[in-house]
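Asks: Below is the structure I would like to discuss, written out as structure tokens.
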Amino acid sequence: PTVNVQRSCTNGRNFECYSEDPELSASLTTAYIQGLQEQGIGSAVKHFAGNESEIERTTIDSVIDERSLREIYLRPFEDAVKKAGTWSMMSSYNKLNGTYTAESGWLLTQVLRQEWGFDGALTSDWFGSRSTAPTINAGLNMEMPGPARDRGQKLIDAVNAGEVSDSQVRQLALEVLRLMERVGSLDDDRPFVEKADNRAEHRALIRRAGAEGTVLLKNENAILPLKTEHAGKIAVIGPNANVARIMGGGSAQLNPHYTVTPLEAISARTGAGNIEFAEGCSNYRFEPLYKGNLDVEFFANRELRGEPVHTETMTDGVAFWIPPFGGNKVEVGNFSARVTARYEPQSSGTHHLGFHCAGLAKIYLDNELILDLTSSWQKGRTFFEEGCDEQTVPLQLEAGREYKIHFDFMSRDSDNLTLSAWRLGISRPLGDSDLIHAVAAASEADTAILFVGRSGEWDTEGSDLENISLPGRQDELISKVLEANPNTVVVLQTGGPVEMPWIDQAPAVLQAWYPGQECGNAIADVLFGDVEPTGRLPQSFPIKWSDNPTAVGDARVYPGQDGAVEYREKLNIGYRHYDATGIKTLFPFGFGLGYTSFTLSELSAQVEGDGSVKASVKLTNTGERQGTTVVQLYVSELNSKVERPVKELKQFSKVTLEAGENATVEFELGLRDFAYCDVDSKGWRVDAGQFRLSAGFNAEQIEQACEIELTDQFTGY
């Protein structure tokens, strides 16, 4: 799993990460690894460490003070080792305080192995190993992917030159063998054959997890859940309505067995005759991907000279060419390719062709040059920051006529990733008439459901967001639909926070994330009350981007300057920042409504003889139906000798109660729940004094508090 802490709202991989809070991240990391490894599948925890942004991630130096590093950014990795016993871990691309993590003996050996007791195997990120002796001596077991670039003969030469000891090589090899033994590959050397494993129990679990993980942000006048039998005419509107937004982009992207769109799920439930669909506007980052056959000719030089050395046919307009490719007859840094496609428009008028590439290219329409990305090519924010930004060309096309699109692609040198890639998109863009049609559909319906947000093009590995506004004209669409029909539910699908300038207009807002292949069914289950939304926000949603802790107007803090990014906010990320500054959020960390109501009372705590603390609080379901909530316990040190956050989440408990039922929720806390990192003493210290325990339903809704007295305590790393 990706367990880096969500430092900023705009990290492209926030959809993969668990939380802005280190304890929540650590708890989820532990549970995930335990569940995975119980099945005999090794966990590879990543990215170790300091990789909280995608901007210049292969070279950036993350400058983090040791206390913040240990209390915040290393916390999930520590529990991955100490509590879950992860079998493997992946180093990050970046530098940490001046040293590439794959070459950091302090990180990979002292902290990971000596302090935490890690006995698994470490891999580099893909092409993230830059040396031979430094990575071996630091404790990096494997460079990825193969074949070897910095190992093999280079490693033999390093041993012979005395740069690496043979005992170090044997130890690292032993750890790889241990990993192989744990996953059973020493007993079974048959190659893994990928297969579809589309089981009914898997489908049911995916659907339930997707539904329960949604977060109900607003529900005025109990507009949700909708009643199927009284739904009347429903307008299903928005760019995410007729497509299944199931996951973010990048290496986390998988091929699903199938997908279910929200429109399909709602139509199946209420009957297609009751549904009016309108897209309204688009939210794509790149022009929609070309779908169809593309004939590719590979040349073993950069000039398309001679005869092709290999030909093949692709079925859509995107390619990541990482060795081996081209029939294994071309070198990644010295090849070219001619790619030819045919396109027949469904309607006449202006179309947009979009193209971006990691490499150089010239694009032609019916053999006429329309885009030259050779001399004008500039590195942008695509293809892991190895590609140019998308270039768009308007074309006047006629319906029913077949057009030839071809481009000549040439590889280019790169100091970072060994990657050649390109993407071709083409579409007829939506305009005012589409938005007007959507508003009209809403005005004529009994209920409107808006499906808006982002996609895996925006929430993706390889690039950060530039802001947290909804892309395109979505805010305009939402506002106009809300004006046309106040009985409107807004369903957001994003990997993190968005600004909501229309929030006061909206009676109901549901944050549905990217819920997997059962996307539409999972969302419909919540909308119509089959499943209660029991998700809680793992990240604060600010009112505006400039409120978040990294938006301080200093490039050194974010996104970085002169090859370094400085974590100057130290411990105050996420809700800790909002506590410290008094800035109000749009929706706070831990927030989430349900279809019933709860209260907390009678919080008490007792210090045990061994220094641990037992706390309990009474939870009552005051609503009219069964419901689930999450009780959150925060710790504050009063009159601390060192700077500490206003409060820190330490425990949480998910509880389901019947209407009118109550229960006692119990917590047990240890030294680490009250300690801070004492860098000088190399350990975790509790100073004698008073501490406050606060129980609530989110970081801004604290219902109960009590105080305890603790004595001095200390433990080493």
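Going by my numbering, the residue at position 653 of the sequence shown is 742; the numbering climbs one at a time, nothing skipped. Using N, Cα and C, we set each Cβ at its ideal position, and we do this for glycine too.
Is the distance from the Cβ of S425 to the Cβ of D497 below 8 Å?
Replies: Cβ distance < 8 Å, so S425 and D497 count as in contact.
Asks: Consult DSSP for R391 and reduce its assignment to one of helix, strand or coil.
Replies: In the structure shown, R391 sits in coil (DSSP, three-state: anything other than H, G, I, E or B).
Asks: Starting from E565, trace the alpha helix (DSSP H) both ways and give me its first and last residue.
Replies: Residues 563-573.
Asks: Name, in chain order, the residues that DSSP records as bridge partners for D461.
Replies: Answer is K451, bridged to D461.
Asks: Kindly indicate which residue of N287, I411, T639 has the alpha-carbon position closest to the one of R665.
Replies: For R665, the nearest C-alpha among the options comes from T639.
Asks: List in chain order: all unbroken beta strand (DSSP E) runs of 3+ residues lying wholly within the stretch 343-431.
Replies: Whole beta strand (DSSP E) segments, 3+ residues: 364-367, 380-388, 399-405, 407-410.
Asks: Quick check on the burial criterion: 16 or more other C-beta atoms within 10 angstroms. Buried or exposed for V483?
Replies: One detail in the question is off: residue 483 reads as Pro in this sequence, not Val. The residue in question, P483, is exposed, as its Cβ has fewer than 16 Cβ neighbours within 10 Å.
Asks: What's the call for I245, buried or exposed, on a 16-neighbour Cβ count within 10 Å?
Replies: That one is exposed.
Asks: When you compare each of L508, R517, F166 to L486 by their alpha carbons, which one comes out closest?
Replies: Closest option to L486, Cα to Cα, is R517.
Asks: Leaving out five residues before and five after Y189 in sequence, what residues of the same chain have Cβ atoms less than 7 Å from its Cβ?
Replies: Counting only Cβ-Cβ distances below 7 Å, and skipping sequence neighbours, we find R219.
Asks: For a quick check, are the C-beta atoms of G76 and L566 less than 8 Å apart?
Replies: This structure cannot settle anything about residue 76, because the visible part of the chain is limited to 90 through 806.
Asks: Do E160 and S97 have their beta-carbon atoms positioned less than 8 Å apart in this structure?
Replies: Contact flag unset, no.
Asks: Please name the residue in V325, P377, M336, S371 whose C-alpha comes closest to that of L352.
Replies: Selected option, being the one with the closest Cα: V325.
Asks: Measure the alpha-carbon distance for L163 versus V94 and round it to whole angstroms.
Replies: Computed Cα separation, rounded: 9 Å.
Asks: Secondary structure at P590, three-state DSSP: helix, strand or coil?
Replies: Reduced to three states, the DSSP call for P590 is coil.
Asks: Just tell me which of A210, L185, G131 has its CA closest to the CA of G139.
Replies: Checked all of A210, L185, G131; the closest Cα to G139 is L185.
Asks: Can you give the Cα-Cα distance for P596 and L125, rounded to whole angstroms?
Replies: Those two C-alpha atoms are separated by around 40 Å.
Asks: Considering only the beta carbon of each residue, do A510 and G476 sit closer than 8 Å?
Replies: Against a cut-off of 8 Å, the Cβ pair of G476 and A510 comes out as a contact.
Asks: How long is the line joining the alpha carbons of R391 and L383, rounded to whole angstroms?
Replies: When rounded, the distance between both Cα atoms is 20 Å.
Asks: Just to confirm before moving on: does the CB-CB distance between V580 and I632 stay below 8 Å?
Replies: Cβ distance not < 8 Å, so V580 and I632 don't count as in contact.
Asks: Which partner residues of V775 appear in the DSSP bridge assignment?
Replies: Beta-bridge pairing links V775 to Q802.
Asks: Opposite K184 in the DSSP bridges: which residues?
Replies: K184 is bridged to D150, Y189.
Asks: Which residue wins for smallest C-alpha separation from A354, given the options G381, I323, A529?
Replies: With distances taken between Cα atoms, A354 lies closest to I323.
Asks: At the level of alpha carbons, what is the spacing between D48 and L306?
Replies: This structure does not reach residue 48, given that the chain is present from 90 up to 806, and the question cannot be answered.
Asks: If contacts are defined as beta-carbon pairs under 8 Å, then L211 and N230 qualify, I think. What distance do you get, rounded to the angstrom?
Replies: Correct: roughly 5 Å between the Cβ atoms.
Asks: Starting from E264 and walking both ways along the beta strand (DSSP E), at which residues does that stretch end?
Replies: From DSSP, E264 is part of no beta strand (DSSP E) but of the alpha helix (DSSP H) over 255-271.
Asks: Quick check: Q802 and G700, are their CB atoms within less than 8 Å of each other?
Replies: A contact, by the Cβ cut-off of 8 Å.
Asks: Shortest alpha-carbon distance to L738 belongs to which of V92, L113, N308?
Replies: If we check each option's Cα against that of L738, L113 comes out closest.
Asks: Run the CB neighbour count on D636, radius 10 Å, all protein chains shown included, and call it buried at 16 or more, exposed below.
Replies: Label assigned to D636: buried.
Asks: What residue range is occupied by the uninterrupted alpha helix (DSSP H) comprising Y667?
Replies: Element bounds for Y667: 664-670.
Asks: By DSSP, does E141 sit in helix, in strand, or in coil?
Replies: In this structure, E141 counts as coil in the three-state DSSP scheme.
Asks: Give a single yes or no on whether F281 has its beta carbon closer than 7 Å to a heavy atom of the ligand GDP.
Replies: With respect to small molecules bound, the structure shown includes none, and the ligand GDP cannot be examined in it.
Asks: Runs of 3 residues minimum, wholly inside the stretch 672-732: which ones carry the beta strand (DSSP E) assignment?
Replies: Counting whole runs of 3 or more residues, the stretch 672-732 contains the beta strand (DSSP E) stretches 674-676, 687-696, 702-710, 716-726.
Asks: Checking 8 Å against the spacing of the C-beta atoms, do G561 and S371 come in under that value?
Replies: Going by C-beta atoms, G561 is nearer than 8 Å to S371.
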